[in-house]
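In the working numbering, the protein residues as written are 120 to 872.
Have a look at the structure below before the remarks.
This is the structure in structure tokens:
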């Protein structure tokens with residue numbers, strides 16, 4: 120391995136870098152090009168300041184390049200000055216690419232005290248990218264043992280944190296065996312495992328390395344970092360790793376980015392001011408533009424242009440877009456522009472090491488959908504889980520200033536789940552861990568939308584980790600928060616039902632499917648979710664005094680529930696609780712009453728279809744609807760028909776929580792014609808329609824006598840209601856009420872289902 124040139128060699132002028140790198144002149148100007156003439160004076164003053172900082176940085180780099188003897192920080196004012204210069208500029212603006220070679224060389228060569236070397240390593244914040252050559256040169260210093268163990272450990276942590284800023288990775292991959300040898304150091308082992316996890320390819324998996332990891336595990340116990348590397352090895356070569364490893368994802372590695380976190384945020388914000396990047400997830404919008412490297416989890420990450428070497432990169436760009444490579448060559452992602460090119464080269468695709476770029480690349484998302492590449496999914500899930508946990512603004516006290524950034528990241532994750540039509544297990548774990556700590560305000564819309572994509576798995580823990588903390592927030596929050604939670608749970612139910620239609624076979628109770636969930640397990644979990652929503656809805660209506668706005672969201676949920684058998688092929692029907700049904704039946708709002716009529720119509724259609732299939736044995740169901748479900752439905756139908764049609768609600772409603780009342784008690788209310796109080800003429804939700812109908816049918820009558828709506832006018836009134844858009848009422852009336860005669864004097868009667 121080549122050592123860096125001797126410090127005695129005369130300093131050469133700074134090299135002219137390729138156009139995809141940032142030279143000192145660009146860095147000096149801050150990468151800002153403002154065409155507006157109105158700020159030219161301000162720009163000029165900034166340029167003067169940048170010129171001064173650039174000169175100071177060049178002097179500092181020149182000093183550190185020439186330093187030979189061990190210098191005391193306390194006694195040498197020159198060293199203090201240049202060290203402060205490097206720290207100040209790095210923490211504010213980041214360092215240009217050519218500064219890393221000098222600073223890494225002096226920090227790892229052992230020429231200076233560990234105090235100085237530590238401060239230098241903590242100052243290595245990139246303004247754009249880090250050349251691979253300087254990283255390889257720095258690694259060579261680890262061979263000669265000039266630096267202490269603490270400095271070596273800090274360097275490895277820096278390398279992990281800056282992994283996505285390194286322009287190439289080929290030479291680093293060639294050093295895989297060298298890094299692997301550091302596993303014997305117990306202190307460095309967790310971080311070396313993390314670095315190896317990022318570098319591992321299929322060709323990296325060797326039997327002797329597996330044996331070494333197993334020996335370390337036997338010596339050190341079941342360490343999470345060793346399990347992570349073994350899990351990745353097993354995915355690449357399952358025939359070589361015979362042991363059973365825990366399948367549940369968790370945080371495998373220690374956080375490595377602490378010393379550089381705040382500085383990276385500052386530099387990233389500055390660089391983002393003039394680097395707008397589209398986050399659209401539509402095919403064909405992600406172009407391979409040379410972008411400044413942002414932090415690896417940043418939502419604005421695009422697919423980095425892969426630069427294998429200067430010559431091949433230019434040749435690669437000249438290849439046709441249709442036939443990009445031969446059978447034995449790999450295709451960098453940035454060369455693909457269309458979905459057809461992805462299909463033609465899908466088995467030769469070179470996946471980027473920057474996992475953050477996957478979330479904003481429609482081509483890579485299509486790749487994940489088309490080819491279930493477990494190693495890639497494992498790394499993506501680990502990266503996402505680690506990022507969610509480390510950057511959660513209500514779990515980390517000092518992260519409140521990054522709330523907007525975290526919101527953007529959650530938004531991108533949600534869009535990715537919608538694109539894939541599948542939830543991430545890492546998001547599920549994040550939600551389960553953070554919901555008990557969530558205040559219900561921070562990132563509200565993003566968190567609730569992520570809730571709708573919780574995968575259909577790990578059902579036994581849902582009550583403890585999802586339902587209980589969500590219920591506490593639900594009952595103690597505002598009306599609008601309650602409505603948002605109900606909307607999210609409705610979408611969660613729909614996503615589960617859609618998943619069931621795609622993956623499950625109701626005639627088989629086997630476990631041979633992606634989520635290892637039996638059909639009976641799906642039914643039980645869906646039923647638990649519906650009952651949970653029924654319980655919180657009943658309480659919420661009491662707390663909010665039967666708010667019509669809240670009731671609308673509750674009925675939206677049951678509009679999905681009522682049609683599960685016919686629309687989603689799930690043999691499950693659960694009626695809404697009485698605490699939801701009766702407030703909807705007596706609602707002051709015609710929209711809710713009309714929606715309830717439609718829901719009861721769909722319940723009837725599903726029950727009739729299920730009964731027919733059961734009787735004719737056209738379809739063998741593993742689950743039969745209980746007689747209690749039919750009884751509850753009939754009780755509700757009697758109450759609805761008695762209220763809306765036959766004016767007998769107070770006599771025939773036999774539900775324990777229903778409207779049945781003694782005549783003596785009703786008379787004490789002094790309400791005239793109490794029996795007709797809730798039919799389609801006198802019902803509070805329908806009275807406005809009745810008034811407008813009378814104004815049109817009897818324009819000369821100014822008394823608004825509702826008793827005139829009978830006989831032929833009753834039929835006219837029904838047609839008037841149907842014409843006003845009350846389709847749910849029409850469907851319910853035609854399906855659940857038999858008109859005994861179409862004569863003008865007959866209103867009809869109730870018929871049980």
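Note that the Cβ used here is the ideal one computed from N, Cα and C, for glycine as well.
Please classify residue i as buried or exposed, where buried requires at least 16 other C-beta atoms within 10 Å of its C-beta.
i: residue 594; result: exposed
i: residue 661; result: exposed
i: residue 341; result: exposed
i: residue 466; result: exposed
i: residue 135; result: Low local confidence applies: a pLDDT of 37 at residue 135 is under 50, so the model's placement there is unreliable, and no value is given.
i: residue 677; result: buried
i: residue 641; result: buried
i: residue 457; result: exposed
i: residue 823; result: exposed
i: residue 327; result: exposed
i: residue 735; result: exposed
i: residue 413; result: Caution is warranted here: a pLDDT of 35 is assigned to residue 413, below 50, making its placement in the model unreliable, and no coordinate value can be reported.
i: residue 421; result: Below a pLDDT of 50, predicted positions are generally treated as unreliable, and residue 421, at 35, falls in that range; the measurement from the model is reported next regardless. That one is buried.
i: residue 668; result: exposed
i: residue 601; result: buried
i: residue 695; result: buried
i: residue 220; result: buried
i: residue 798; result: buried
i: residue 262; result: exposed
i: residue 245; result: buried
i: residue 855; result: buried
i: residue 609; result: buried
i: residue 319; result: buried
i: residue 330; result: exposed
i: residue 266; result: buried
i: residue 821; result: exposed
i: residue 234; result: exposed
Any idea which residues DSSP pairs residue i with across the strands?
i: residue 450; result: 468
i: residue 249; result: 285
i: residue 176; result: Residue 176 pairs with nothing; no bridge assigned.
i: residue 214; result: 245
So residue i is in the alpha helix (DSSP H); what residue range does that whole segment cover?
i: residue 274; result: 268-280
i: residue 511; result: Segment: none, residue 511 is in no alpha helix (DSSP H) and carries neither H nor E.
i: residue 806; result: 806-816
i: residue 463; result: 458-463
i: residue 195; result: No alpha helix (DSSP H) holds residue 195; DSSP gives it neither H nor E.
i: residue 313; result: 308-318
i: residue 587; result: 587-595
i: residue 488; result: 481-489
i: residue 842; result: 831-842
i: residue 565; result: 563-570
i: residue 371; result: From DSSP, residue 371 is part of no alpha helix (DSSP H); its letter is neither H nor E.
i: residue 296; result: 295-299
i: residue 525; result: 522-539
i: residue 546; result: 544-553
So, under 8 Å CB-CB, residue i and residue j are touching, yes? Tell me the CB distance rounded to an integer number of Å.
i: residue 562; j: residue 529; result: 6 Å
i: residue 287; j: residue 251; result: 4 Å
i: residue 752; j: residue 726; result: 6 Å
i: residue 314; j: residue 254; result: About 11 Å separates the two Cβ atoms, so there is no contact after all.
i: residue 717; j: residue 692; result: That pair is no contact at about 16 Å.
i: residue 575; j: residue 618; result: 5 Å
i: residue 511; j: residue 571; result: With 8 Å as the limit, residue 511 and residue 571 do not qualify as a contact, their Cβ atoms being about 19 Å apart.
Is the closest heavy atom of the ligand COA to the C-beta of residue i under 8 Å?
i: residue 661; result: Within the structure as shown, the ligand COA is missing, as the structure has no ligands at all.
Strictly under 9 Å for the Cβ-Cβ distance: is residue i near chain B by that measure?
i: residue 511; result: Note that chain B does not occur in the displayed structure, where there is just one protein chain.
Report the residue ranges of all alpha helix (DSSP H) runs contained in full by the segment 697-761; include only those spanning at least 4 residues, in chain order.
If we require 4 residues or more, the alpha helix (DSSP H) runs fully inside the segment 697-761 come out as 697-704, 709-735 and 746-760.
Give the list of continuous alpha helix (DSSP H) stretches no shorter than 4 residues that lie fully inside the segment 600-685.
Entirely contained in the segment 600-685, the alpha helix (DSSP H) runs reaching 4 residues are, in chain order, 638-662 and 667-680.
Can you list the alpha helix (DSSP H) stretches of 4 or more residues lying completely in the segment 326-364, in chain order?
Counting only runs of at least 4 residues, the segment 326-364 fully encloses the following alpha helix (DSSP H) elements, listed from N- to C-terminal order: 326-339 and 343-355.
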